[in-house]
Amino acid sequence: MFNMTRRMVLGSAAAAAAFGIAGKLEFAPAAHAETPVEPLVGFYKYKVGSLEVTAVYDGIWRKPHDPAFIKDVSVVDTKAALAKAGLTTEFMPIPLTVVVLQMNGRTIMMDAGSGVGQWQANATHLPANMKAAGIDYKAIDTIMISHFHPDHVWGLMEKGTNNPVFPNAELIVNATEYNWWTDPSRLAKLPEGRKPAGKRIAENFPKWKNWKLVDDGTEVVPGIRIMAAPGHTPGHSVYHVDAGSEQFLVSADTMYVPALLAPHPEWQGSYDQDGPMAITTRHKIIDQVIADNIRICGSHFPFPGTGSFVKDGNAYAFTPTQI
1 MFNMTRRMVL GSAAAAAAFG IAGKLEFAPA AHAETPVEPL VGFYKYKVGS
51 LEVTAVYDGI WRKPHDPAFI KDVSVVDTKA ALAKAGLTTE FMPIPLTVVV
101 LQMNGRTIMM DAGSGVGQWQ ANATHLPANM KAAGIDYKAI DTIMISHFHP
151 DHVWGLMEKG TNNPVFPNAE LIVNATEYNW WTDPSRLAKL PEGRKPAGKR
201 IAENFPKWKN WKLVDDGTEV VPGIRIMAAP GHTPGHSVYH VDAGSEQFLV
251 SADTMYVPAL LAPHPEWQGS YDQDGPMAIT TRHKIIDQVI ADNIRICGSH
301 FPFPGTGSFV KDGNAYAFTP TQI
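Heads up: the sequence shown begins at 1 in the UniProt record's numbering, then just goes up one per residue.
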């Protein structure tokens with residue numbers, strides 16, 4: 001079902017004259033090899049039913065190991081989970097993939113990425129990879145936001161000025177998420193580590209007139225329905241797409257690091273605002289994906305950000321798509 005397409009090697013100096021992009025074609029490593037930290041390709045196109053999906057690589061957070069990253073779980077245990085999944089154990093690899101859908105005449109971006117150099121030094125690739133994929137980045141007409149964490153919305157704002165990058169796009173978000181972050185009393189209640197993000201959101205997002213606030217279950221455009229998936233943030237949401245013969249779920253951060261949370265769905269991440277609720281949501285969403293045979297993508301799955309889950313007792317096994 002996943003169709004191979006042209007692939008770009010990040011950082012390559014060789015010119016792929018046949019395709020007019022800065023890159024060359026390479027084959028992915030054998031499935032048994034350790035997954036490369038950086039993917040060999042900058043974008044990947046595939047079909048789900050009648051839907052054309054383009055996965056676009058933004059970058060990666062090479063997060064230093066931290067015993068507080070997963071509540072009550074040691075670095076030894078998180079490293080063991082990474083190793084079992086064939087990932088590096090030198091640091092916690094958290095890649096970021098942005099998905100673009102071509103649907104009903106719309107170009108729809110699911111979340112806005114992290115903004116060039118605004119989230120992590122290794123997350124700078126989105127605009128160039130959008131161009132290589134043939135997507136007119138600033139002509140995107142619809143952006144569906146899962147939640148207001150920096151790696152998902154800093155791409156809405158220019159670095160330094162905070163001017164909107166997409167002033168003419170319709171920005172769709174769960175009303176609960178928008179209202180929580182823009183509540184005038186919220187900033188004082190945030191933990192110190194989250195105050196800079198909260199301040200930036202509260203000072204800029206309410207100025208924009210292109211927000212469309214929606215409720216759980218709303219069909220936000222024909223064929224796409226927003227579903228509340230709280231816990232990671234109060235209004236964290238996923239998007240269910242009816243692709244004709246198949247269904248597709250843009251799951252955002254529901255299962256943000258599958259190497260850890262698929263075999264251990266009970267683990268609470270430090271970025272889950274309500275850990276117990278995030279666990280309940282995780283089981284609910286992934287169980288539905290398995291039961292209804294829904295294709296799924298996730299923002300922090302290994303690139304191209306898609307794969308499949310199966311039940312494994314009370315946990316899950318995850319197989320990432322190989323390209």
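Backbone N, C-alpha and C fix where the C-beta goes; we use that ideal spot for every residue, glycine too. Keep in mind that this is a model prediction, so the values were computed, not measured.
Cβ pair proline 93, leucine 101 closer than 8 Å
The residue labelled residue 93 in the question sits at position 93 within the sequence shown. The residue labelled residue 101 in the question sits at position 101 within the sequence shown. No.
Could you check which residue in Ala278, Val310, Ala315, Pro191 has the C-alpha nearest to that of residue 325?
Residue 325 lies beyond the residue range present for the chain, which begins at 1 and ends at 323; the question has no answer from this structure.
In its own chain, which residues sit with a C-beta less than 7 Å from the C-beta of proline 304, not counting the 5 before and 5 after it?
Taking the first residue of the sequence shown as 1, we reach residue 304 at position 304. For proline 304, where only same-chain residues beyond five positions count, the Cβ hits under 7 Å are Tyr44, Ala55, Thr97, Thr321, Ile323.
Whole angstroms are fine: how far does the CA of glycine 313 sit from the CA of phenylalanine 166?
Locating residue 166 in the sequence shown gives position 166, counting from the first residue. Locating residue 313 in the sequence shown gives position 313, counting from the first residue. Between phenylalanine 166 and glycine 313, the C-alpha separation is close to 44 Å.
Rounded C-alpha distance that separates lysine 284 from alanine 315
Against the sequence shown, residue 284 aligns to sequence position 284. Against the sequence shown, residue 315 aligns to sequence position 315. In a straight line, the C-alpha of lysine 284 is about 12 Å away from that of alanine 315.
Is the beta carbon of methionine 144 sitting closer than 8 Å to the one on asparagine 204?
As a working mapping, residue 144 is identified with position 144 in the sequence shown. As a working mapping, residue 204 is identified with position 204 in the sequence shown. For methionine 144 and asparagine 204, no; Cβs fall outside 8 Å.
What's the gap between the Cα of proline 265 and the Cα of isoleucine 290?
As a working mapping, residue 265 is identified with position 265 in the sequence shown. As a working mapping, residue 290 is identified with position 290 in the sequence shown. If you take the alpha carbons of proline 265 and isoleucine 290, they lie about 15 Å apart.
Could you tell me which of Gly244, Pro234, Gly231, Trp181 sits nearest to proline 222, measuring between CA atoms?
Along the sequence shown, read from residue 1 onward, the residue named residue 222 stands at position 222. Of the candidates Gly244, Pro234, Gly231, Trp181, the one whose C-alpha sits nearest the C-alpha of proline 222 is Gly244.
Coil, strand or helix - alanine 83 by DSSP
Within the sequence shown, residue 83 is the residue found at index 83, counting from 1. Residue state, collapsed to three classes: helix.
Provide the residue span of the beta strand (DSSP E) that contains glycine 307, from first to last.
Taking the first residue of the sequence shown as position 1, residue 307 is located at position 307. Glycine 307 -> beta strand (DSSP E) spans 306–312.
Among residues of its own chain, excluding the 5 on either side of serine 308, which ones have a beta-carbon nearer than 7 Å to its beta-carbon?
Residue numbering aside, residue 308 sits at position 308 when the sequence shown is read from its first letter. Only residues of its own chain outside the window of five on either side were considered, and among them Thr319 have a CB closer than 7 Å to the CB of serine 308, listed in chain order.
Using 10 angstroms around the beta-carbon of valine 48, count the other beta-carbons present and answer buried if the total reaches 16, otherwise exposed.
Here residue 48 refers to the residue found at position 48 when the sequence shown is read from its first residue. Buried, since its Cβ has 16 or more Cβ neighbours within 10 Å.
I'd like to check one pair, alanine 202 with arginine 186: are the Cβ atoms closer than 8 Å?
Here residue 186 refers to the residue found at position 186 when the sequence shown is read from its first residue. Here residue 202 refers to the residue found at position 202 when the sequence shown is read from its first residue. Against a cut-off of 8 Å, the Cβ pair of alanine 202 and arginine 186 comes out as a contact.
Out of Gly105, Ile296, Thr280, Ala262, which has the shortest C-alpha to C-alpha gap to residue 335?
There is simply no residue 335 to check, as the chain begins at 1 and stops at 323 in what is shown.
Does the Cβ-Cβ distance between arginine 282 and threonine 306 come in under 8 Å?
Against the sequence shown, residue 282 aligns to sequence position 282. Against the sequence shown, residue 306 aligns to sequence position 306. Cβ distance not < 8 Å, so arginine 282 and threonine 306 don't count as in contact.
In terms of DSSP beta bridges, what is arginine 62 paired with?
Position 62 of the sequence shown, counted from the first residue, corresponds to residue 62. Pro93, per the DSSP bridge assignment.
Report yes or no: do three or more beta-carbon pairs, one from the region 129–144 and one from the region 169–179, lie closer than 8 Å?
Cβ pair count under 8 Å is three or more, so yes.
What does the alpha-carbon distance come out to for the pair aspartate 287 and serine 251?
For the purposes of this step, residue 287 is taken as the residue at position 287 of the sequence shown. For the purposes of this step, residue 251 is taken as the residue at position 251 of the sequence shown. About 13 Å.
Can you list, in chain order, the residues of its chain with a C-beta nearer than 6 Å to that of histidine 147? Leave out the 5 residues immediately preceding and following it.
Here the question's residue 147 lines up with position 147 in the sequence shown. Residues of the same chain with a CB within less than 6 Å of the CB of histidine 147, apart from the 5 flanking positions on each side, are Glu177, Thr233, His236 in chain order.
Kindly examine the ligand GDP and report whether one of its heavy atoms sits closer than 7 Å to the Cβ of alanine 317.
Among the components of this structure there are no ligands whatsoever, and the ligand GDP is therefore not found.
Beta strand (DSSP E) segments (min. 3 residues) lying fully within the region 246–284
247–250
Same chain, Cβ closer than 6 Å to tryptophan 211, neighbours up to 5 away in sequence not counted
Here residue 211 refers to the residue found at position 211 of the sequence shown. Cβ within range, chain order: Leu171.
Assigned secondary structure, isoleucine 201 (DSSP; H/G/I helix, E/B strand, else coil)
Along the sequence shown, read from residue 1 onward, the residue named residue 201 stands at position 201. Residue state, collapsed to three classes: helix.
Opposing strand residues paired with lysine 45 [DSSP bridges]
Against the sequence shown, residue 45 aligns to sequence position 45. Lysine 45 pairs with Thr54.
Is tryptophan 119 helix, strand or coil by DSSP?
Here residue 119 corresponds to residue number 119 of the sequence shown, with the count starting at 1. It is coil, neither helix nor strand.
Helix or strand or just coil, what does DSSP make of valine 221?
Counted from its first residue, the sequence shown places residue 221 at position 221. Residue state, collapsed to three classes: strand.
Can you give the Cα-Cα distance for alanine 175 and tryptophan 267, rounded to whole angstroms?
Translated into the one-based positions of the sequence shown, residue 175 becomes position 175. Translated into the one-based positions of the sequence shown, residue 267 becomes position 267. Cα to Cα, alanine 175 sits roughly 28 Å from tryptophan 267.
Counting only the same chain and skipping the five closest in sequence on each side, list residues whose C-beta sits under 6 Å from that of tryptophan 154.
The residue labelled residue 154 in the question sits at position 154 within the sequence shown. Cβ neighbours of tryptophan 154 beyond the five flanking positions: Ser114, Gly115, Gln118, Trp119.
What number of angstroms, rounded off, separates the C-alpha of alanine 128 from the C-alpha of valine 41?
As a first step, residue 128 is located in the sequence shown; it is residue number 128 there, counting from the start. As a first step, residue 41 is located in the sequence shown; it is residue number 41 there, counting from the start. Going from the Cα of alanine 128 to the Cα of valine 41 covers about 12 Å.
Less than 8 Å between the CB atoms is what I'm expecting for isoleucine 296 and leucine 260, so what's the real figure, rounded?
As a working note, residue 296 is residue 296 in the sequence shown. As a working note, residue 260 is residue 260 in the sequence shown. Contact flag wrong, Cβ pair sits at about 17 Å.
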